[in-house]
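Protein sequences appear in the order of chains Y and B. Sequence positions in the first sequence follow full-length UniProt numbering and run 1 to 221. Sequence positions in the second sequence follow full-length UniProt numbering and run 1 to 205. Even glycine gets a Cβ: it sits at the ideal position worked out from N, Cα and C. Take a look at the structure set out below.
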Amino acid sequence: MQTNFIPMRYRLFLNPTPLLLALLITMLGCKSQQNVVKSKDGKLSVDKETVIRDLNNIIDPESELTNEEKTALLKAIKDHGFQDAQVDSLIIEAENALYATAQNTTATEYEEPADATVEDEKDPLVELEDLLTDQFKALANPMPAVDSEDIISETLNYFESNDSPVLIILQKLDGKTFYDRPTTIEKYLYYLKDLKRESHQIEEVNLNTNDKINKLILASY
Amino acid sequence: MLNLRYTFTAGNFVSLVKLFGILSIILCYSHSHAQSGQQARSVNESMIDSLALEKIKDLGEYINVIGSKETSFSTANRVINRAMELFAEGSEIAVSSVNQKSITNFPLREYFERLMALNYDKVTIEWYDIHYISNLELLSNGVYVGVVTIYQRFEAERGDKLVYKDTTKKDITIFVKKKEIVVAGDHVDFWDVLLGDIMVSETVL
């Protein structure tokens, strides 16, 4: 624990060497005498009002103290060992307040990765392209347990119709684009399934107003 | 009297250097221009060469799927339709056998249906050594025409016994034409590859 958060009045008692205490009491003078008192049994102590004020300061959510400072201060007060019901009650309240703050902080910290995920979240179109690429690969390299017909049906659901056009770019040369004979998505999917051909790269996905693919452009390079 | 003798002066030398420089620039320009034109054409041609070979490989795979006894009836019929789309209308396929000297030409669909119905337990058809024997040449009507040779290895089994096999060398005519189509409102220029007749040039065991 970083003791520099703890007010001097409590730090005095962390290592209460009599010599140091005596010296400090002398040095603190009048101002310190408001906080540090001598109990009936002769022991030095911080006065109750100061402790209550400090505890209220810990409880106060708008206090200028940081959480670390509050935690350190509360520990110092508890270590000091007041035998007072009001102080004990405030200590519990302060502990609850710090616990609640810690919970909120934890919740915020927990949410941070979620926020980060939102930032890292892929463009839906890119996700769709990745999904299509996976489906194409699954057709070209079928697993024994997976029915290719299911993959085709599932993939067709992303398209406006089974006849949605698929264009395959052969080459781009001198600003011109050369295509293979246009086909349809259903024919292309069965082409992958029947011939186990490696799929082409997805170049462009065009969506209609219902977010269904109405044109898919692939590239063979 | 006019002096026709050529006298080499400093002025003449400068003119000669200038002339040489201009000629060099013209020669370099025309050479590089011709080269770039040639390069563009060869890139274009190599692209359609590859495309046509891909279509032939596809046909070889389709024939294997149609002939395979593991292929369901519905799949075979669908694949026949896809294979038909690779051909120019009216194309025929020649069929030979090591047991008969004659070669028979079949319309495409009939050939595929006979292939599907072959009375064997297992049929394996493999195409290999696919190459051009006549490069694609541009005709005056804008169509590229070429001929590709393939070797087809055919093996048929009954039970576990190989009952027939042959290897056939076949020549396939290819037509490639640039076409235009409107797709989803956009004009698309595409290279249309169509296969023509498939002729048998040699059949061996």
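Cutoff 8 Å; reference residue i; Cβ partners in own chain excluding five residues on either side
i        : result
Asn157/Y : none
Ile152/Y : Leu139, Glu186, Leu189, Tyr190 and Lys193
Leu139/B : Val145
Met84/B  : Leu108, Arg109 and Phe112
Asp121/B : Lys69, Glu157, Arg158 and Gly159
Check: residue i C-beta below 7 Å from any heavy atom of the ligand COA
i        : result
Asn141/B : Because no ligand of any kind appears in the structure shown, any question about the ligand COA cannot be addressed here.
Within-8 Å CB hit, residue i to chain B
i        : result
Asn157/Y : no
Lys212/Y : no
Asn206/Y : yes
Glu136/Y : For the record, residue 136/Y in the displayed sequence is Phe; it is not Glu. By this cut-off, Phe136/Y is not an interface position.
Tyr179/Y : yes
Tyr188/Y : no
Proximity of residue i and residue j at Cβ, strictly below 8 Å
i             : j        : result
Ile52/Y       : Ala97/Y  : no
residue 239/B : Asp166/B : Only positions 1 to 205 of chain B appear in the structure, and residue 239/B is not among them; the question remains open.
Own chain, CB closer than 7 Å to residue i, minus 5 neighbours either side, in chain order
i        : result
Asp54/Y  : Leu73 and Ile77
Lys169/B : Thr149, Tyr151, Ser201 and Glu202
Ser68/B  : Val123
Ile217/Y : Leu167, Ile169, Glu203 and Glu204
Residues of its chain near residue i, where Cβ-Cβ distance is below 6 Å and the 5 sequence neighbours each way are ignored
i        : result
Val147/B : Ile133, Ser134, Asp171 and Thr173
Leu194/B : Ala88 and Phe175
Thr71/B  : Val65
Cutoff 8 Å: residue i Cβ touching any chain Y Cβ
i        : result
Arg78/B  : yes
Arg153/B : no
Met84/B  : no
Trp191/B : yes
Arg5/B   : Reliability fails at Arg5/B, whose pLDDT of 45 lies under 50, so the model's placement of it is uncertain and the value that follows must be treated cautiously. So, not an interface residue.
Asp197/B : no
Leu51/B  : yes
Met116/B : no
Asp58/B  : yes
Glu180/B : no
Cβ neighbour criterion (16 or more within 10 Å) applied to residue i
i        : result
Leu173/Y : exposed
Met143/Y : exposed
Tyr221/Y : exposed
Val163/B : exposed
Pro165/Y : buried
Gln100/B : exposed
Local conformation of residue i per DSSP, three classes
i        : result
Val200/B : strand
Tyr164/B : strand
Val176/B : strand
Ser140/B : coil
Gln83/Y  : coil
Thr209/Y : coil
Thr66/Y  : coil
Contact with chain C by residue i, beta-carbon distance below 8 Å
i        : result
Val176/B : Of the protein chains in the structure, Y and B, none is chain C.
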